[in-house]
Amino acid sequence: MSTAGAALVVAFVVLAVLASVVAPHAPDDPVGQRLTAPQRAYPLGTDEFGRDILSRLIFGSRISLWVGVVAVAIGLVGGASVGLVSGYVGGRLDMLLMRVVDVMFSIPPIILAITLTGVLGPGLTNATVAIGLVYLPTFARVARGPVLAVVGREYVEAARAAGGGATRVLSLHVLPNVMAPLIVQTTLALSTAILAEATLSFLGLGIQPPEPSWGTMLGTGRKYMELAPWVAIFPGAAVMLLVLGFNLLGDGLRDVLDPRLRP
Amino acid sequence: MTLYVAARLSLVIPMFLGSTLIIFVLMRLLPGDVVDQLMGLEGSLSAEARASLRQLLGLDAPLPLQYLKWLGDLVRLELGVSLRSSLPVREMLVQRVPVTIELAVLAVLLSMVIAVPLGIVSALFRNRAIDFTARLFGLLGLSMPVFWLATLLILGGASFLHWLPPVIYAPFWQAPLQNLKQMAFPTLALALSLVAVVMRMTRSSMLEVLEQDYIQTARAKGAAEPTVVLRHALKNALIPVVTVVGVQFGYLLGGSVVVEQIFGLPGLGFMLLNAIYQRDYPVVQGAVVFVALFFILVNLVVDLVYGVLDPRIRYGSA
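Residue numbers (the numbering used here), protein chains in the order written: chain A, 1 to 263; chain B, 264 to 581.
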């Protein structure tokens, strides 16, 4: 099943990269009648402004992937750094950092993301930062565990005794042990980050119209769904397929890299 | 056990204080302050009027003092007043919270009813067609956006069943039937993502337990397979499932924001979202503090129940 997941992800990445080549129309151009049902000229129909839904979905994949990747990168770099330092240094610093992480876990992620975007204001950058910050504590915990497991091992002690500085020991000897769980977590976080972006945009707190975000498309198209159900059905299906792709891939990677966590 | 409970209880207050600090800082990130929000409603004020209003509201004090004062108000359950409706936030919470709790409880119950049998069957027929189908169903549930599923339910209800939930909300104790009709679609929408999580956990936990020696012993003694599965294996396999369900119960508060908005349920999520749209920050602050406290308490209960169910946990921690 992980191959199917990888294929789905690759397909969306290719669509996003080649959007301007493969999309039949520009995403913001009204090209047909309003709310035209799917037909040969518009395979997924048109929206309330007569824009081609297929073209908007193809361009929308850029936004979903961009927000997902950048948000997870923020969480990964920030969180993994905290986890590595916390586990490596230990003692009071470890206790302090982990209590901060615990506190961040005390607010449900989507509530935190909604509140952050509500406070910072809607938009691509704020939504991406909000989602990234929400992932920070998860990555910190995922990174810290394996660090604790290897920090007392002979080879790490030897590297320290040989005069290796903290940065060198962490990057050369500790980080490789943390990579497997971090890769698995990154893949799974990508799926939930894409869901989070779609949710924020659906609620009007993420990407703003006329940008072709899948969540925004569904949020604005929902008003017309009794007349034209395709306006609401296809953007949601696109979110589901991309998220499913990352979930399948993440599950597969977990089986290979971290079999203890196999569901 | 006493040590375990004491250790776990001692974490609650620092956790809550930490979360209030996060919420306090978050609210101070707002462009402008509450006076600017009020000015948006009341029209422009002179600089003197703004300064005296700031003084009156304590906003001219240093931030640490403002935080301590707010914390003192919280302890006395004084959560402030809505900038839009002038209603006390505490009263608003009292009205809205039962709706969200009912929705979350119904979603947990429904998901358990679907997910546990599915997880057991999936484990018993490991790597067979039925297992793959159940796992794929689980992954689909995890991947499906709640807002999309809710939208599809409304669409399907209107188009195929020619039925939509009643629009006017009625509390369960006033009109139970109308209330349950109204909760049906929101519960289904919220439960599906939980089904996936619980099903996967039940499956992996069952697989682990089924390989234990005492299960082989029960089989060797001639116990019938349903007895082995339901009486011997399931009892232990459900321990981690209970934990997952407990933790997810807290997360359901997040999911309820979307579901309540789509179905117009007047719960906590609906209130929070509208307060965010209207920049009614005392309401946002009060709602998020409540959610954080609820989340911390749910996790506490889950840990304590886990300690009771699994002695290894409490002795390990103590």
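Using N, Cα and C, we set each Cβ at its ideal position, and we do this for glycine too.
For residue 341(B), no alpha helix (DSSP H) segment is defined, and its DSSP state is neither H nor E. Taking 8 Å as the cut-off, the beta carbon of residue 121(A) is found no closer than this to the beta carbon of residue 71(A).
According to the DSSP assignment, residue 456(B) belongs to the alpha helix (DSSP H) that extends over 439 to 473.
For the pair residue 541(B) and residue 203(A), the CB atoms are not nearer than the 8 Å cut-off.
Within the segment 88 to 110 of chain A, the residues whose Cβ lies closer than 9 Å to any Cβ of chain B are, in chain order, 99, 100, 102, 103, 104, 105, 106, 107, 108, 109 and 110.
In terms of Cα proximity to residue 337(B), the closest of 287(B), 406(B) and 264(B) is 287(B). The Cβ atoms of residue 52(A) and residue 25(A) lie closer than 8 Å to each other.
The C-beta separation of residue 360(B) from residue 567(B) comes to about 22 Å, leaving the pair out of contact by the 8 Å criterion.
DSSP, read as helix, strand or coil, puts residue 255(A) in helix. Exclusion of the five residues before and after residue 14(A) leaves no residue of its chain whose Cβ lies closer than 8 Å to its Cβ. Your pair residue 250(A) and residue 188(A) checks out as a contact, with CB atoms roughly 4 Å apart and the cut at 8 Å.
Within 7 Å of the CB of residue 67(A), no CB atom of chain B is found; the nearest one sits about 14 Å away. Residue-level contact check: residue 34(A) does not touch chain B, since none of the beta carbons of chain B fall below 8 Å from its beta carbon. Checking the DSSP bridge columns, you'll see residue 38(A) has no partner listed.
If you draw a straight line from the Cα of residue 254(A) to the Cα of residue 431(B), it is about 46 Å long.
Boundaries of the alpha helix (DSSP H) harbouring residue 182(A): 175 to 202, taken from the DSSP string. Comparing C-alpha distances from residue 470(B) to each of 512(B), 530(B), 320(B) and 387(B) shows the shortest one belongs to 387(B). Remark: three or more beta-carbon pairs, one from each stretch, lie closer than 8 Å, so the segment 141 to 155 of chain A and the segment 79 to 96 of chain A are flagged as touching.
Around the Cβ of residue 17(A), a 10 Å sphere holds fewer than 16 other Cβ atoms; the residue is exposed. Cβ proximity to chain B below 8 Å picks out 1 from the segment 1 to 33 of chain A. Around the beta-carbon of residue 423(B), fewer than 16 other beta-carbon atoms lie within 10 Å, marking it exposed.
For residue 514(B), the enclosing alpha helix (DSSP H) stretches over residues 497 to 526. For residue 347(B), the three-state secondary structure derived from DSSP is coil. Using a Cβ-Cβ cut-off of 8 Å, residue 513(B) counts as an interface residue toward chain A, since at least one Cβ of chain A sits closer than that to its own.
Segment contact: the segment 232 to 249 of chain A against the segment 406 to 413 of chain B, three or more CB-CB distances shorter than 8 Å; contact assigned. In the three-state reduction of the DSSP assignment, residue 476(B) falls in the helix class.
Counting C-beta pairs with one atom in each stretch, the segment 506 to 523 of chain B and the segment 102 to 117 of chain A have three or more that are closer than 8 Å, which means they touch.
Looking at the backbone, the Cα of residue 478(B) and that of residue 382(B) are separated by about 18 Å. Note on geometry: alpha-carbon atoms of residue 506(B) and residue 88(A) lie some 30 Å from one another. Its chain contains 491 and 495 as the residues whose beta carbon lies nearer than 6 Å to that of residue 481(B), once the 5 sequence neighbours on both sides are disregarded; these appear in chain order. Between residue 522(B) and residue 465(B), the C-beta gap is not smaller than 8 Å, which leaves the two residues out of contact. In terms of CA proximity to residue 183(A), 80(A) leads the group 5(A), 80(A) and 218(A).
Distance from the CA of residue 38(A) to the CA of residue 299(B), rounded to the nearest whole angstrom, comes to 48 Å.
If you keep only unbroken alpha helix (DSSP H) runs of at least 4 residues inside the segment 12 to 86 of chain A, you get 19 to 22. Excluding five sequence positions before and after residue 113(A), the CB atoms of its chain that fall closer than 7 Å to its own CB belong to 130, 131, 134, 196 and 200, given in chain order.
Nearest to residue 209(A) by C-alpha distance, out of 33(A), 36(A) and 63(A), is 63(A).
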